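Input: a single structure, listed below in structure tokens.
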Amino acid sequence: MGGDFKAFFMTMGDYDLVAIYEAPDDAVAARFTLMLGMLGNVRSTTLKAFPEAATARSWRRWANPRRT
Numbered sequence: 001m002g003g004d005f006k007a008f009f010m011t012m013g014d015y016d017l018v019a020i021y022e023a024p025d026d027a028v029a030a031r032f033t034l035m036l037g038m039l040g041n042v043r044s045t046t047l048k049a050f051p052e053a054a055t056a057r058s059w060r061r062w063a064n065p066r067r068t
């Protein structure tokens, strides 16, 4: 399937555990999450993350739409 776990964090609050994993594409990430959910003892929340450089480019384009 592909992908790699980057970090695990035990947390306090709404979530007991946060796992950070990287997948080759969104389809692999979705398939992994669905397979994990089929086990029946896990609930998940998925967040799409973007690299800092990509986010900075997006903000610059938003702030100055004439520049690309």
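Following my numbering, the numbering of the sequence shown begins with 1 at its first residue and continues without gaps. All residues carry an ideal CB built from backbone N, CA and C; glycine is no exception. Note that the structure is a prediction, hence the values are computed from the model and not measured.
Could you tell me the distance, in whole angstroms, from the CA atom of residue i to the CA atom of residue j?
i, j, result
"L39", "F32", "11 Å"
"F50", "R66", "23 Å"
"V42", "N64", "43 Å"
"G37", "A56", "34 Å"
"A54", "M35", "30 Å"
"F8", "K48", "17 Å"
"D26", "T46", "11 Å"
"S44", "P24", "19 Å"
"M12", "A30", "26 Å"
"R60", "E52", "12 Å"
Given a cut-off of 7 Å, decide if residue j and residue i are closer than it, judged by their beta-carbon atoms.
i, j, result
"V18", "G2", "no"
"F5", "Y21", "yes"
In the structure shown, what three-state DSSP assignment does residue i receive?
i, result
"A49", "coil"
"M12", "coil"
Flag residue i as yes if its beta-carbon sits less than 7 Å from any beta-carbon of chain D, otherwise no.
i, result
"M10", "Going by chain labels, chain D is absent from the structure shown, which holds only one protein chain."
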